[in-house]
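Protein sequence lines correspond, in order, to chains A and B.
First residue of the first sequence? That's 1 in the UniProt record's numbering, and the numbers climb one at a time after it.
First residue of the second sequence? That's 1 in the UniProt record's numbering, and the numbers climb one at a time after it.
Written out below as structure tokens is the structure these notes cover.
Protein chains: 2
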Amino acid sequence: MTAAHPFDHAVHLDPVGDPADTVRGHTHPDWANMVGPFGGITAATLLQAAATHPEATGDPVALTVNFAGPITDGAFTISRHAVRTNRSNQHWSLELTQGDAVATTATAVFGAHRDTWADTEITAPAAPAPEQVDRGGLIDSIAWAKRYDMRFTDGALPADGTGSPSSVTTLWVRDSAGRPLDFPALAALCDVFYPRVFLRRGGFTPASTISLTTYFHIDAAELAELGSDYLLASAHANRFSRGYFDQSAHLWSRTGQLVASTHQLVYFKT
Amino acid sequence: MTAAHPFDHAVHLDPVGDPADTVRGHTHPDWANMVGPFGGITAATLLQAAATHPEATGDPVALTVNFAGPITDGAFTISRHAVRTNRSNQHWSLELTQGDAVATTATAVFGAHRDTWADTEITAPAAPAPEQVDRGGLIDSIAWAKRYDMRFTDGALPADGTGSPSSVTTLWVRDSAGRPLDFPALAALCDVFYPRVFLRRGGFTPASTISLTTYFHIDAAELAELGSDYLLASAHANRFSRGYFDQSAHLWSRTGQLVASTHQLVYFKT
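Written as structure tokens, this is what we have:
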């Protein structure tokens, strides 16, 4: 491996024997969350596992990651299985295990793109250019947050005790080391938002993503054109109730192109 | 089986041997789509498979169904595996096969509910009471649509050639035979919307759901209280591009309670 960027280290996978349906990886301290790795890097690693399988075809169009249990710092194994390959798409089932325990499951759909009628209905929130916004972040103890250049235009991490009537957070975000976007990096970015309940409640409460689904709206060539530029990422919650809330978010390019729609269900404690 | 309702027939599953991880079912003509079964009934059947496993615990909170290939009219087998059971939630992997071919994969998360801080940010669209709206539907050849009492308040199926600038469809909907809601029935309802591209383009084009994710916001007791009453269901698309679009939808009770948030990625041809 020649790439020196921490993202490439984190998603690096080694094949285990033949057939190619098993790979091994290792958590990376640069992507640590409060407990275990950042969910986004786990999503990225699972997508990377499918994308690097010798039978993979097409671009990712949908990804669902279920966080079934904690991932302990150290080695893990991913099984990656193309359950069905059709003429224009391919369906993947993935499972990340440590020892005998399943820590994460995922499904991914890869597909071909063709020119069709096109339109975007959703519009990006109004925001000043990223160069006009001060760099922010999360708290110092969150290692993974330092991997991103975050510039909040709405709903930054609240000061303790100051709740907000809205769960909306909007930020410009890019890799802080200038690594160009690819699909695993975009999958990780889709989980960049701190839990919406912190914003509403004005402080920390235990919260963790249970299930994360992302739809990718652009193909590999369109993604490559974005390079390492900022994306505008905006998230909101729909309903908080009895220990769970759902978040919906959208990521746009600087020119207003919708790059991904992403949704998650989050557990929260109080 | 004593229940005479077509929904119960469609989701009926017979255990196959022991352990309980395999069940068999059969497509039902009352739930046929143009080709194969209604995606919603497939989602319902997969959720039913998990919910009726002897080890199932908690209520469904998240469900993702990937439509990997066509389901032929006839028998199918579902494998249902609790990959991890935690103190407060349980993660399922499911696969629907016919012969050697995987037709559908799914993951489900079941969870416990606890009283917490709660709020709903999204509001239901304004709509007259269902009794004030004429009953509508889809086209006569779509068998499954007759299983529902649909009353469109916005974005009914367009007349050919009459496209709409908006992809929004809103309807009151309930089981036309008065079957009370349960989680499989709610999972099916989340796929009740005809493809958004029909509305925008003003007519039919081949389109099919690739991946469907639903988050359930209420527990079994809250769901039972809704009985067989109408839900207000509203869907919109975010972006149509190069053969795919994503739909987000929300379902509310008559009193304005958000019951489910549901998202899907749809393939379309032209």
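In this text, a Cβ means the ideal position worked out from N, Cα and C, and glycines have one as well.
- The beta-carbon separation of I78/A and A103/A, rounded to 10 Å, does not stay under the 8 Å limit for a contact.
- Under the three-state reduction of DSSP, A188/A is assigned to helix.
- With its beta carbon less than 7 Å from one in chain B, N66/A belongs to the interface.
- In chain B, no part has a C-beta under 9 Å from the C-beta of T77/A; the shortest such distance is about 14 Å.
- The beta carbon of A44/B is closer than 8 Å to those of F7, A10, V11, P184, A185, A187 and A188 in its chain, skipping five residues each way along the sequence.
- Under the Cβ criterion (8 Å, minimum of three pairs), the region 53 to 71 of chain A counts as touching the region 210 to 218 of chain A.
- Non-local beta-carbon contacts of L96/A in its own chain, meaning distances under 6 Å to residues more than five positions away in sequence, involve F76, I78, A103 and T104 in chain order.
- For P6/A, the uninterrupted alpha helix (DSSP H) run begins and ends at P6 to A10, by DSSP.
- In the structure shown, R24/A adopts extended strand secondary structure according to DSSP, grouped into three states.
- At a Cβ-Cβ threshold of 7 Å, T116/A and G243/B count as neighbours.
- When Cβ pairs closer than 8 Å are counted between the two stretches, the region 46 to 53 of chain B is seen to touch the region 105 to 114 of chain B, the count reaching three or more.
- A straight-line Cα-Cα distance of about 21 Å links L258/A and S167/A.
- Counting along the chain, L47/B sits inside the alpha helix (DSSP H) bounded by residues G39 to A51.
- No Cβ-Cβ contact shorter than 7 Å links L232/B with L181/B.
- Any Cβ of chain A closer than 7 Å to the Cβ of S208/B would place that residue at the interface, and such an atom is absent.
- The secondary-structure analysis by DSSP pairs L265/A across a beta bridge with S211/A and D246/A.
- The beta carbon of R179/A lies closer than 8 Å to those of H5, F7, D8, A185 and S228 in the same chain, with the five residues before and after it left out.
- In the three-state scheme derived from DSSP, where H, G and I count as helix and E and B as strand, W31/A is classed as helix.
- By the CB criterion at 7 Å, T120/A and R239/B fall inside the cutoff.
- For L171/B, the enclosing beta strand (DSSP E) has its first and last residue at T169 to D175.
- Following the DSSP letters along the chain, one finds E222/B inside the alpha helix (DSSP H) bounded by residues A220 to L226.
- Chain A has no Cβ within less than 7 Å of the Cβ of V259/B.
- Taking the CA atoms as reference points, D21/A sits about 42 Å from R147/B.
- One alpha carbon belongs to L13/B, the other to F38/A, and they sit about 39 Å apart.
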